[in-house]
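**Student:** Residues in the sequence shown are numbered consecutively from 3, following my numbering.
In this text, a Cβ means the ideal position worked out from N, Cα and C, and glycines have one as well.
Below: one structure in structure tokens.
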Amino acid sequence: LIYFKQGKLDAAIENLEQANHYLPDTPEILLHLADAYLEKGLKEKALQTLEHAVQIEPDNVELRQKLNTIKSSR
């Protein structure tokens with residue numbers, strides 16, 4: 003998250019992808035990863051990541067809202 007806040011998106015994405023590898027299916031990691039993808043302009047990857055996160059935690063309102071926001075901006 004530090005890299006993300008510093009605007010170092012490539013490093014943030016790399017670290018979040020690595021975190022997702024070691025702690026798979028963790029909605030919080032997937033949410034941050036989707037945010038980093040969005041900032042980088044990788045909208046489809048962000049969408050896929052959020053769809054996966056919602057499958058894991060379907061009652062998570064934050065995940066659903068972000069997913070709906072991305073879908074509506076297509």
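Do LYS42 and LEU69 have their C-beta atoms closer together than 8 Å?
**Tutor:** Going by C-beta atoms, LYS42 is not nearer than 8 Å to LEU69.
**Student:** Have a look at ASN22 and SER74 and give me their C-alpha separation to the nearest angstrom.
**Tutor:** So the alpha carbons of these two residues sit roughly 26 Å apart.
**Student:** Quick check: what's the CA-CA separation for LYS47 versus ALA14?
**Tutor:** Approximately 15 Å between the Cα atoms of the pair.
**Student:** Considering Cα atoms alone, identify which of PRO29, ASP27, ALA36 is closest to GLU16.
**Tutor:** Nearest option by C-alpha distance: ALA36.
**Student:** Just to confirm, is the Cβ distance from LEU52 to ILE72 under 8 Å?
**Tutor:** Yes, these two residues count as a Cβ contact at 8 Å.
**Student:** To the nearest angstrom, how far is it from the Cα of ILE4 to the Cα of TYR39?
**Tutor:** Roughly 15 Å separates the two Cα atoms.
**Student:** Among the candidates GLN50, ARG76, THR28, GLN20, whose CA atom is the shortest distance from the CA of ASN62?
**Tutor:** Looking at the Cα atoms, THR28 is the closest of the given residues.
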